[in-house]
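Right, one structure below, let's go through it.
Number of protein chains: 2
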Amino acid sequence: MAARARPHDEALIEGLRAIVGDRGLVTGTDVRARSCDPFRPVPPLGPAIVRPACTEDVSRILSFCQARGQGVVTHGGRTGVAGGAYADADDIVLSLERMNRIEEVDPVGPCMTVEAGVTIEAVQNAAAERDLLYPVDFGAKGSATVGGSIATNAGGNRVVRWGMTRANVLGIEAVLADGTVVSAMNRLVKNNTGYDLKHLFIGSEGTTGIVTRAVLRLVAAPCSQHVAFVGLAGFAAVLDLLSRARRLPALSAFEVMWQDYYVLVAGHDATRMPIDTRFPFCVLVETMGYDAETDAVLFDRFLEGAYAAGVIGDAVMANSGQQAADLWRVREGSEIIVRAMSPFVSFDISVDIRRAEAFVAEARAALEERFARVRTVTFGHLGDNNLHLGIHIGPDTAAREIEIEHCVYGVVGEFGGALTAEHGVGRLKRAFLPGHVSPGALDVMRRVRSALDPDHALNRKVLF
Amino acid sequence: MAARARPHDEALIEGLRAIVGDRGLVTGTDVRARSCDPFRPVPPLGPAIVRPACTEDVSRILSFCQARGQGVVTHGGRTGVAGGAYADADDIVLSLERMNRIEEVDPVGPCMTVEAGVTIEAVQNAAAERDLLYPVDFGAKGSATVGGSIATNAGGNRVVRWGMTRANVLGIEAVLADGTVVSAMNRLVKNNTGYDLKHLFIGSEGTTGIVTRAVLRLVAAPCSQHVAFVGLAGFAAVLDLLSRARRLPALSAFEVMWQDYYVLVAGHDATRMPIDTRFPFCVLVETMGYDAETDAVLFDRFLEGAYAAGVIGDAVMANSGQQAADLWRVREGSEIIVRAMSPFVSFDISVDIRRAEAFVAEARAALEERFARVRTVTFGHLGDNNLHLGIHIGPDTAAREIEIEHCVYGVVGEFGGALTAEHGVGRLKRAFLPGHVSPGALDVMRRVRSALDPDHALNRKVLF
């Protein structure tokens, strides 16, 4: 563990200023003006935010901090919901916000070389200009950065087709806690030249090093989109539909909504009720392809086949981009959940798809055994095993958050599920990590972290 | 470095026998009867091959070996061409051959749980029985094992669609050099619960631990295949065709053959000459989909569009599975290379696709500057950056192998290419590794290896 620096340490600030200059430094009350949490004000508590302009700066900052035993918390877009960006009084913040250059778009690779501080949206736009797509897509993309998305292995809606961030990164440059610059800016799909080091940094939540640059993998930009919203009579039908959907090479989303979710969203907004609310399950299916005509034929055949086999009870298909967006709005009803169900505790877990219905029933039963009044919303990217669960147990929901978490994570454990599917462990789920990985696995995580950051100076309260 | 064990150490053999019994042990001349190389006899030189029956055995063997400072080389199917399975007099061999159970096929995941000693072909067959596909496919699949394919991150023909082995593994169980069992048998597509430990073992060539079990990701089995063999007038046309092919969601192979390759293969076997040999480049394009009718429409449109735009000069399309296999036989002409061009030195490198033609020209020029007579064959999975290059410089080709390698790898370095695309570094390319990764990257590789195997007891002459 790093020794703690004194707050308002003048020597610290002057040392940082010598590296990055005035423009690269935020101090005093300006530090408190930021938040480390996207939903509520959680200011950094330390004396400074340092804003390097280049990899060399990052290296010098970290060498300087290591010599002082100074803890560092890395900031990207500060959109993470697991507390990974929270910074204590004895942490300085290192923000990549000035390192936001798009260095090159290679249309043949196809790939893009960027600095870590560029936003996902900027990457998507630069790709689109070349008729390419960066397929990682999630709600916070306007603020979230490449570096943050790599550190947290961000997921999102299109993982069923293109995978998590991990699958869309070819190369990385990172700086270790001692200032060592690790250049592994690979741009080749096939490259077995030694260990593939990027995976030490992807999903490590900033605990193994600071990602400074990356090579992102792109795909040709799809030009055709098909979206349907369907109602199903039971979970067996959901599994059947998923198995049919997996035979669409252009499948780009398979989003499942339990009835508790759909009734809530449709009940609060009549423009988000494409079909009757009587179905126990609704699914949004999307394909994104390159040939409108055959894509339409395949999508129609998929829906007709499922309907003829009695798999789906009702379906609405989008006939325009606007209608497609309207159907997506049903799935993206989180602001209604916030409005109608607060306070609530939210979960981002993964389970064996076959057991998802049983898991939800069991989690609900466990909650009902403990709490008098339980309200849930259940939805998620089920094609990737991912479920989001919102739990409300009355006005003291927030006060009893830990109890609720123990209850749900207990069932997750029984089902062999994942503590966190895509949001990460951060600080907020740290206490639960040892219960959700094997002892040997935790041992290896500790060995790797210590090999790369022996003092645990980077994001030291994150993960373990 | 591990202390060297004495050859024929009776205490060693008796200790191993106590763990695995007679059935689990091969000693004496039976050890020499095997080869560590698929192409020539390279027997293990140590006193024993130990054949554990379960993970617990592996753990006990490694604990026992660590206490004795005994080096261990792991054997899967022994099909690797980089010398990763070579074993010296002071190495024992640990073979996973008895751990070859398929534990479960989950058709919904879809995924398969297996022991590491099962062959790729057995996995493919078990998947096919459930109308599923394990998409990792390469020539040695009948002998190559899951464990070996994971250790080397095996590639093959369909990487352009489904990725390397790394992209097709969900979870791993591995045993560290000290006997620690690392269970990370994840079966979830989305799981950010701490570091994703499987990546420490995938592609590490057995230097970080021994993979004992794995969860493999499956896909729905395609039911339609389209293959074309086309001739192109220049490299710009190859790039244009690739860009068009990337808009086929069912694209499963894009194999480029330089004229030196095609003239050789077609010249030696008239049944492998689907088109004239006048083109500087030939490409085999394949799609594998789920709807024969629309797949055919898309494939025809792709070829017609490329022809109309003047991108391709001639094309032959397979009209049956047999014709498709015949076209693939043109691409799989390695036995002709062996017959007609031996001795030769073969290379498995990756380069920026845009610069592949320039790279080949430059490598040839460098060779011609040094050697009086240079003959090459050039082909590869270019959609994944991968080129295979065979070089013959006359009867003393084998004797001057190192010179040839320095010459070619020098140009690979200048072009920012990869020393090895899919075959791995093993022992045979070890001397070149430091020249092809950055110093910081090599530093991190050393740190990680030492964190997991401080004595470097596992595959100790592999990689670095």
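In the order they appear, the protein sequences are chains A and B. Residue 952 is where the first sequence starts when you use this note's numbering, and the numbers rise one by one after that. Residue 952 is where the second sequence starts when you use this note's numbering, and the numbers rise one by one after that. Glycine included, C-beta positions come from ideal geometry on N, C-alpha and C. Since we're looking at a predicted model, the values are computed, not measured.
Drop a sphere of 10 angstroms on the beta-carbon of residue i, count the other beta-carbons inside from all chains shown, and report buried for 16 or more, exposed for fewer.
| i | result |
| --- | --- |
| F990(B) | exposed |
| T980(B) | exposed |
| A1408(A) | buried |
| S1271(A) | exposed |
| D1251(B) | exposed |
| S1293(B) | exposed |
| M1208(A) | buried |
| C987(B) | buried |
| G1060(B) | buried |
| G1261(B) | exposed |
| R983(A) | exposed |
| A1102(B) | buried |
| N1104(B) | buried |
| Q1273(A) | exposed |
| N1076(B) | exposed |
| I1355(B) | buried |
| A954(B) | With a pLDDT of only 42 at A954(B), under 50, the local geometry of the prediction cannot be trusted, and no value is derived from it. |
| E1223(B) | Residue identity differs from the one stated: residue 1223(B) is Arg in this sequence, not Glu. Burial call: buried. |
| C1174(A) | exposed |
What did DSSP end up calling residue i once you bin it into helix, strand or coil?
| i | result |
| --- | --- |
| S1301(B) | strand |
| L1045(A) | strand |
| G1022(B) | strand |
| C1233(B) | strand |
| H1332(B) | coil |
| H1357(A) | helix |
| R1306(B) | helix |
| S1203(B) | strand |
| R1138(B) | coil |
| G1386(B) | helix |
| G1240(B) | strand |
| E1055(B) | strand |
| T978(B) | strand |
| L1148(B) | coil |
| C987(B) | coil |
| C1016(B) | helix |
| T1006(A) | helix |
The ligand FAD and residue i: does the residue's C-beta get closer than 8 Å to at least one heavy atom of that ligand?
| i | result |
| --- | --- |
| R1117(A) | As far as ligands go, the structure on display features none, and thus does not contain the ligand FAD. |
Contact defined as beta carbons within less than 8 Å: I believe residue i pairs with residue j. What is the distance between those atoms, to the nearest angstrom?
| i | j | result |
| --- | --- | --- |
| I1012(A) | L1045(A) | 6 Å |
| N1336(A) | L1139(B) | 4 Å |
| V1445(B) | A1179(B) | Absent from the model: residue 1445(B). The displayed extent of chain B is 952 to 1415, so no value can be given. |
| D1404(B) | T1158(B) | 7 Å |
| Y1146(B) | R1378(B) | Contact flag wrong, Cβ pair sits at about 29 Å. |
| R1168(A) | V1120(A) | 7 Å |
| A1040(B) | L996(B) | 4 Å |
| E1313(A) | V1362(A) | 5 Å |
| G1068(A) | E1048(A) | 5 Å |
| G1130(A) | S1014(A) | 3 Å |
If you follow the beta strand (DSSP E) that residue i is part of, which residue opens it and which one closes it?
| i | result |
| --- | --- |
| V1132(A) | 1132–1135 |
| T1175(B) | Before going further, note that residue 1175(B) is Ser rather than Thr in the sequence given. Run containing S1175(B): 1175–1183, per the beta strand (DSSP E) assignment. |
| E1080(B) | First-last for E1080(B): 1071–1080, but that is the alpha helix (DSSP H), not the beta strand (DSSP E). |
| L1338(B) | 1337–1343 |
| L1121(A) | 1120–1126 |
| R1400(B) | Here R1400(B) belongs to no beta strand (DSSP E); instead the alpha helix (DSSP H) covers 1390–1403. |
| D1265(B) | 1265–1268 |
Considering just the uninterrupted stretch of the alpha helix (DSSP H) at residue i, what are its terminal residues?
| i | result |
| --- | --- |
| S1100(A) | 1097–1102 |
| L1248(B) | Looking at the sequence provided, one finds Val at residue 1248(B) rather than Leu. Segment 1243–1259, the alpha helix (DSSP H) holding V1248(B). |
| E965(A) | 961–971 |
| L996(B) | Unbroken run through L996(B): none, as it is neither H nor E. |
Do the region 965–975 of chain B and the region 1393–1407 of chain A make contact, defined as three or more Cβ pairs closer than 8 Å?
-> no
Should the region 1082–1097 of chain B be called in touch with the region 1130–1150 of chain B, which here means at least 3 C-beta pairs below 8 Å?
-> no
Say whether the region 1228–1244 of chain B touches the region 1286–1305 of chain B, bearing in mind that this needs 3 or more beta-carbon pairs closer than 8 Å, one atom from each stretch.
-> no
Quick one, which residues of the region 1025–1053 of chain A are near chain D if we go by CB-CB under 8 Å, in chain order?
-> The structure shown contains no chain D; its protein chains are A and B.
Are at least three pairs of beta-carbons, each pair with one atom in the region 1377–1393 of chain A and one in the region 1312–1328 of chain A, less than 8 Å apart?
-> no
Determine, using beta-carbon pairs with one atom in the region 1339–1349 of chain A and one in the region 1089–1102 of chain B, whether at least three such pairs fall under 8 Å.
-> no
Within the chosen definition, does the region 1342–1349 of chain A reach the region 1279–1296 of chain A through at least 3 CB pairs nearer than 8 Å?
-> yes
Decide yes or no for the touch test of the region 1188–1195 of chain A against the region 1203–1217 of chain B: beta carbon pairs closer than 8 Å, at least 3 of them.
-> no
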